[in-house]
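Trainee: Below is the structure I would like to discuss, written out as structure tokens.
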Amino acid sequence: MQLTVSKFAKLAGTTVRTLRHYRQLGILVPSQKNENDHHVYINEDFKRLHEIQLLQSLGLSLNEIKASLDNPQYSFDEIVRVQEQSLKHRRKAIDCSLALIKRIKWLKEKDQFNELNSELLMLLMNSMRVEEDQKKLLQKYVSTDIIEKVFPEDISKQTYLDEQLFNLVLLVHRATIHDLKPDHPSIQQQLKVIIANTQLNHLILHDEEKNEELYKNVKPYESLIPKHTIDFLTEAFEVLNTKKQSSI
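Going by our numbering, the first residue of the sequence shown is number 5, and it counts up by one from there.
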């Protein structure tokens, strides 16, 4: 049986436009020509089309499908195995993204005075986004217990620490608006409370060499934070540490 593109499309439940696109990509080319030298589809082409549609349903792109079908070692079982791993990876990424959005939405609800602008939201989201990388980095320097305190898996603890991060971001934001310097008493007091509440003091190592190494390793993450925020917090922490040392 020989079928024109329109008849084949109708029987296959697809469109002429789709078939022409498949032909341009080279993943489904009509198998024969009729007496008028026009390309026509035959029964075997239905099998190829169904294979393409099946691979699409598994999440493969048309370029990936073409590469697979053109491969002499093509194995449907192997494609299913690889695609299963790929989909699991994507699902994990989607779940992480949804969890991140949920955390940000919760902070937005806490923002009673609508202070969270786009810059602050991006700062918070970027900080949350790299948490897993930071956990892996810290494994070399501190115990698992300390990492759990700084980046807890427990949702209620995580929510609490998100609020402290929110407070830290707003601290700098408000200080900028009201022209308060890092050494201002109210800034120092709020910073002291936030550090106590977030267990950040556990990340200050007693080994000076390791402290330097840790600082160098976290340096790349500074690009996620506006320079004025880094400068402000750096000075504020230095003032706080100086006061702490002088009181000992």
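We put the CB at the ideal spot given by N, CA and C, even for glycine.
Over what stretch of residues does the alpha helix (DSSP H) that includes Asn38 continue unbroken?
Mentor: From DSSP, Asn38 is part of no alpha helix (DSSP H); its letter is neither H nor E.
Trainee: If I follow the unbroken alpha helix (DSSP H) through Leu175, where does it start and stop?
Mentor: Its alpha helix (DSSP H) spans residues Ile159 to Ile181.
Trainee: Can you check DSSP and say which residues form a bridge with Leu7?
Mentor: The partner list for Leu7 (beta bridge, DSSP) reads Tyr45.
Trainee: DSSP state of Pro224, grouped into three classes?
Mentor: Here Pro224 sits in helix by DSSP.
Trainee: Three-state secondary structure (DSSP) at Gln116?
Mentor: Three-state result, Gln116: coil.
Trainee: Would you mind stating whether Pro189 and Glu239 have Cβ atoms separated by less than 7 Å?
Mentor: Not in contact: Pro189 and Glu239 (Cβ atoms no closer than 7 Å).
Trainee: Which of the three DSSP states is assigned to Asp74 in this structure?
Mentor: Note: Asp74 maps to helix in three-state DSSP.
Trainee: Okay, do the stretch 229-249 and the stretch 190-197 touch, 3+ Cβ pairs below 8 Å being the bar?
Mentor: Touching, yes.
Trainee: Helix, strand or coil: which one does DSSP assign to Asp211?
Mentor: Coil at Asp211, not helix or strand.
Trainee: Return the residue from the list Ser79, Tyr45, Gly17 and Leu29 that minimises the CA-CA distance to Thr8.
Mentor: Here the closest residue by C-alpha is Tyr45.
Trainee: Determine contact between the stretch 122-141 and the stretch 75-84, defined as no fewer than three beta-carbon pairs at a distance below 8 Å.
Mentor: No: fewer than three Cβ pairs fall under 8 Å.
Trainee: Thinking C-alpha only, which one of Leu120, Arg27 and Asp149 is nearest Glu167?
Mentor: Ranking the options by Cα distance to Glu167, first place goes to Leu120.
Trainee: Go to Pro186, then tell me how far its alpha helix (DSSP H) extends in each direction, as first and last residue.
Mentor: Neither: Pro186 is in no alpha helix (DSSP H) and is coded neither H nor E.
Trainee: Span of the alpha helix (DSSP H) holding Ser131?
Mentor: Where Ser131 is concerned, the enclosing alpha helix (DSSP H) stretches over Ser122 to Arg133.
Trainee: For Asn47, which option in Asn40, Asp74, Asp41 and Gln36 has the closest C-alpha, if you only look at C-alpha atoms?
Mentor: Among Asn40, Asp74, Asp41 and Gln36, the Cα nearest to that of Asn47 belongs to Gln36.
Trainee: Nearest to Gln87 by alpha carbon, out of Leu64, Lys248 and Ile199?
Mentor: Checked all of Leu64, Lys248 and Ile199; the closest Cα to Gln87 is Leu64.
Trainee: Helix or strand or just coil, what does DSSP make of Thr18?
Mentor: Residue state, collapsed to three classes: coil.
Trainee: Quick check on this structure: which residue in Leu59, Ser90 and Lys139 has the alpha carbon closest to the alpha carbon of Ser79?
Mentor: Measuring from the Cα of Ser79, the nearest candidate turns out to be Leu59.
Trainee: Counting only the same chain and skipping the five closest in sequence on each side, list residues whose C-beta sits under 7 Å from that of Val33.
Mentor: Only Arg27 meet the Cβ criterion.
Trainee: Looking at the structure shown, is Phe155 part of a helix, part of a strand, or coil, going by DSSP?
Mentor: In the structure shown, Phe155 sits in coil (DSSP, three-state: anything other than H, G, I, E or B).
Trainee: Per the contact definition of three or more C-beta pairs closer than 8 Å, is the stretch 174-185 in contact with the stretch 224-238?
Mentor: Yes: at least three Cβ pairs fall under 8 Å.
Trainee: Distance check for Asn130 and Leu102, CA to CA, integer angstroms please.
Mentor: Their Cα atoms are separated by approximately 14 Å.
Trainee: Does Leu15 pass the burial test, meaning 16 or more other C-beta atoms within 10 Å, or should it be called exposed?
Mentor: Classification for Leu15: exposed.
Trainee: Distance, Cα to Cα, Thr148 vs Lys92?
Mentor: Cα to Cα, the separation comes out at about 27 Å.
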